[in-house]
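K.L.:
Take a look at this one; I'll ask things after.
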Amino acid sequence: MSEQVTEERVALKLNEDYCGNCSICSSLCPFEAIKRDTETDKTFLEIEKCQVCGICYSTCPAQAIDIIYYDIDSLTRYLERAKQKYDCDTLVIICKGSSPDFAEIERLFGAAKFIPLSVPCVGRIPEEVFLKAIVIGIKEIYVLACDENYCRFERGSPVTGRKILALNLLLEQIGYGKEVITLKRNSLKVKADRDLCIGCGNCAFFCPYDAVKLESPGVANFELTSCRGCGLCVAMCPAMALELENWKGKRISALISRLSLEMTKPKVLVFRCQWSVFPPFDEELAPNVRAIDLPCAGRVDILHILEAFQKGVDGILIAACSEEDCKLEKVSGKAQHSVAALKEKLSQIGFQDRLRFCTVAPRYPEGFDRELEQFSKRIEAISSKESKE
Amino acid sequence: MIITTQKPLDEILDFISPCSNILIAGCDGCTQPPRGLREAKTLRQLLELGGKLRNKGFVFKVTTVVKQCDSFLAASMLKPQMDNVEAVLSLACGAGVQTLAELFPELLVFPAQNTHFIGAEDREGGILEERCVGCGDCLLAQTGGICPVTRCTKGLLNGACGGSRNGKCELNPEKDCAWILIYERLKKQGKLELLKEFRPPRDYQLRGWRVTP
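Chains A and B, in that order, give the protein sequences. First residue of the first sequence? That's 328 in this note's numbering, and the numbers climb one at a time after it. First residue of the second sequence? That's 6 in this note's numbering, and the numbers climb one at a time after it.
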């Protein structure tokens, strides 16, 4: 039998036939994944470096770049469906990186009813999609993007700002009124309950950004301008004195309770870093699988994992970026470490095989599916063995 | 700090199995990381999961105390929470557990941790090392801030013994020779003459069992 080598499907492709070598993509790519070869004068893509932010896709004038996630077609389809489903003419586009609870979005924009559109980086959305939204009858568009220095893709947030400025001018010129698109900035930041702080210094030790200073007499003081909202300190605080503002751990607990009720056996719950998996709009998980997206693997909370087991979840898969791909400072490695420590404790009660930490990247869209399939099989085997006993 | 490690869950489950209403008391005190609220909640979840396997249900309450070994703090924080509690599972060191046992003589008080020593932790690598035995006669001023009682395998007060190889101990090649460390430190401080001083055997009575401040 000959060994079959099938090429791994990738999320981004550069079509040389259409490429006009204009260099817009290579000048905007935050990761130097698209470059122009000075000798051959051709533009080429190094997929290993690509983080699939989609900025190149949204700015390519020749449409020479194909992207799997949130392309113009799928975004348009989503908008058309959502327009009917939500029956309103306000659209709210948020970057997952900065997104607070939806209740908070209501408050921020004063919009009670809206079509939500949540994407990893607003910078990836082409102008065409904004215009399509207007065409299908959307009157107001609110955009919640990250603060510029907070963008996980470095250039996504500034690109969004410029794009919206230009779009608003254009829309005004063609008679749609002023400021059709409203841009607001938001970044997740940690919030400390100083009454609970015991001054142990764990937050200061784990923070990759030196955003915490220990003040005499040992109470943590957060320098919020450097906080990047990974949530690692929140997950590590022994006194449970920290929260990401507007992104409460309690909400995740409630979500775990709800999801564990709607899942069929054997229940598989996935905690995933939102930068490691870009789920499609029409993501259909098996009835026994549910997923919870986190702002970073750093916010994976040991207590949430245990809570899920408590609520009858049979297996928990944690999908994170590799340390190299981590949008923050190797936070995923720290998360992996604490999951390993929990696994050691779980092994004392025979739960170790029910928890798995895997690293995936959106550049290989099938990577996560494969991990999930393997893990689901494992959990199925454990469950069927258990029911026989 | 006090170095403790969590007892095996099976052992803890054996302790608490005869009881149903249990208070898990964390201690924010001297360990790193502190065995505070998060550790107490984590332990509750683990014990509930472990209890299920034994078909045993528990009713847990979870709390934490600033310092369990301080009987005033422990009493004022715990007493209001003791309704219906049959047993206390303490995440403190041995001193904390004993303080609770004294405060609540009618209750069962169990340790959830094994207490190892007074030591220091390198947070980066998570390594724990003994640094003090509480000898009652501190030598650190003469030894450049390095304790030979804990860090010299032989506990020599007048080292080095001559068995050190490449700065490591002859009995445990992974361990730095404390007396080489002391020599290097004193050299840096220009205080090598301290090594010429003879230190007589320790007075073990000084360690004592009770001190009046």
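Beta carbons: idealized from backbone N, C-alpha and C, even for Gly.
Among C35/B, G55/B, I29/B, which one has its Cα closest to the Cα of P13/B?
P.N.:
Ranking the options by Cα distance to P13/B, first place goes to G55/B.
K.L.:
Per DSSP, which residues does W574/A bridge with? Please list them.
P.N.:
L571/A
K.L.:
For C485/A, report the span of its beta strand (DSSP E) as first-last.
P.N.:
The identity of residue 485/A in the sequence shown is Pro, whereas the question assumes Cys. P485/A -> not in any beta strand (DSSP E); alpha helix (DSSP H) instead, spanning 483 to 500.
K.L.:
In whole angstroms, what is the alpha-carbon distance linking V67/B and L105/B?
P.N.:
15 Å
K.L.:
Which residues in the same chain as V102/B place their Cβ atom closer than 7 Å to its Cβ, once the five residues preceding and following it in sequence are excluded?
P.N.:
S95, V114, P116
K.L.:
Identify, in the order they occur along the chain, each residue of the same chain with its Cβ nearer than 7 Å to the Cβ of I537/A, setting aside the five sequence neighbours on each side.
P.N.:
Residue 537/A is actually Asp in this sequence, not Ile. Hits under 7 Å: S553.
K.L.:
Output the boundary residues of the alpha helix (DSSP H) element that contains K672/A.
P.N.:
658 to 674
K.L.:
In its own chain, which residues sit with a C-beta less than 8 Å from the C-beta of A566/A, not counting the 5 before and 5 after it?
P.N.:
L523, C524, I525, C527
K.L.:
Which whole-angstrom value is the C-beta distance of G558/A and C623/A, which I expect to be below 8 Å?
P.N.:
6 Å
K.L.:
M328/A CB to nearest chain B CB: under 8 Å?
P.N.:
Low confidence applies here, because M328/A scores a pLDDT of 45, under 50, leaving its location unreliable and the question unanswered by this model.
K.L.:
Report all residues from its chain with a CB closer than 7 Å to the CB of L186/B; omit the five preceding and five following residues, and keep chain order.
P.N.:
I151
K.L.:
Please classify Y209/B as buried or exposed, where buried requires at least 16 other C-beta atoms within 10 Å of its C-beta.
P.N.:
exposed
K.L.:
Residue range of the alpha helix (DSSP H) that Q103/B falls in?
P.N.:
99 to 108
K.L.:
Quick one: any contact between the segment 456 to 474 of chain A and the segment 502 to 521 of chain A, if contact means 3 or more CB pairs under 8 Å?
P.N.:
yes
K.L.:
With a threshold of 8 Å on Cβ separation, who are the neighbours of P153/B within its own chain once the five nearest residues in sequence on each side are excluded?
P.N.:
Counting only Cβ-Cβ distances below 8 Å, and skipping sequence neighbours, we find L144, G160, L161, L162, G164, A183, W184, I187.
K.L.:
Heavy atom of the ligand SAM less than 7 Å from the Cβ of L402/A, yes or no?
P.N.:
This structure does not include the ligand SAM; it has no bound ligands of any sort.
K.L.:
If the criterion is Cβ atoms closer than 8 Å, does the pair G99/B and I8/B meet it?
P.N.:
no
K.L.:
DSSP three-state call for S329/A: helix, strand or coil?
P.N.:
For S329/A, the predicted model reports a pLDDT of 49, less than 50, meaning its position is unreliable; a value from the coordinates is still stated below. Three-state DSSP puts S329/A in coil, outside helix and strand.
K.L.:
Give a yes or no on whether the minimum CB-CB distance between A566/A and chain B is below 8 Å.
P.N.:
yes
K.L.:
Please go through the segment 37 to 104 of chain B and give each complete alpha helix (DSSP H) segment of 4 or more residues, from N-terminal end onward.
P.N.:
Within the segment 37 to 104 of chain B, the complete alpha helix (DSSP H) runs of at least 4 residues are 42 to 58, 76 to 83.
K.L.:
Closer than 7 Å between beta carbons: that is the criterion. Which residues of the segment 522 to 544 of chain A meet it against chain B?
P.N.:
Cβ contacts with chain B come from I525, C527, N529, F532.
K.L.:
Given F702/A, which residues of its chain have a CB within under 8 Å of its CB, disregarding the five upstream and five downstream residues?
P.N.:
V595, G642, L644, R683, C685
K.L.:
Specify whether the segment 132 to 140 of chain B and the segment 193 to 203 of chain B touch according to this definition: at least 3 beta carbon pairs, one from each stretch, less than 8 Å apart.
P.N.:
no
K.L.:
Check whether the segment 469 to 488 of chain A touches the segment 392 to 408 of chain A, taking contact to mean three or more Cβ pairs, one atom from each stretch, closer than 8 Å.
P.N.:
no
K.L.:
By alpha-carbon positions, which one of I394/A, Q378/A, I583/A, I461/A ends up nearest to L418/A?
P.N.:
I461/A
K.L.:
Can you check the segment 547 to 621 of chain A for any alpha helix (DSSP H) of at least 4 residues that lies completely inside it and give the ranges in chain order?
P.N.:
559 to 563, 576 to 589
K.L.:
Which residues of chain A have a Cβ atom closer than 8 Å to the Cβ of L58/B, listed in chain order?
P.N.:
I676, G677
K.L.:
In chain order, which alpha helix (DSSP H) runs of at least 4 residues are fully inside the segment 402 to 475 of chain A?
P.N.:
If we require 4 residues or more, the alpha helix (DSSP H) runs fully inside the segment 402 to 475 of chain A come out as 429 to 436, 454 to 462.
K.L.:
Quick check on E47/B - is its C-beta less than 8 Å from some C-beta in chain A?
P.N.:
What sits at residue 47/B in the sequence shown is Thr, not Glu. Cβ-Cβ to chain A under 8 Å: yes for T47/B.
K.L.:
Do you know whose CA, among V71/B, A97/B, L83/B, lies nearest L108/B's CA?
P.N.:
L83/B
K.L.:
How many angstroms separate the CA atom of D127/B from the CA atom of A519/A?
P.N.:
If I take the Cα positions, the gap works out to 25 Å.
K.L.:
Looking at chain A, which residues of the segment 117 to 134 of chain B have a Cβ within less than 8 Å of any of its Cβ atoms?
P.N.:
Listed by position, the residues of the segment 117 to 134 of chain B near chain A (Cβ gap below 8 Å) are R128.
K.L.:
Since V154/B is in the alpha helix (DSSP H), which residue starts that stretch and which ends it?
P.N.:
153 to 156
K.L.:
Name, please, each residue of chain B whose Cβ falls closer than 7 Å to the Cβ of I629/A.
P.N.:
What I629/A touches in chain B: T47.
K.L.:
Mapping DSSP to helix, strand and coil, what is E373/A?
P.N.:
Coil at E373/A, not helix or strand.
K.L.:
A646/A and S603/A look like a contact to me (Cβ under 8 Å); what is the Cβ gap, rounded to whole Å?
P.N.:
5 Å
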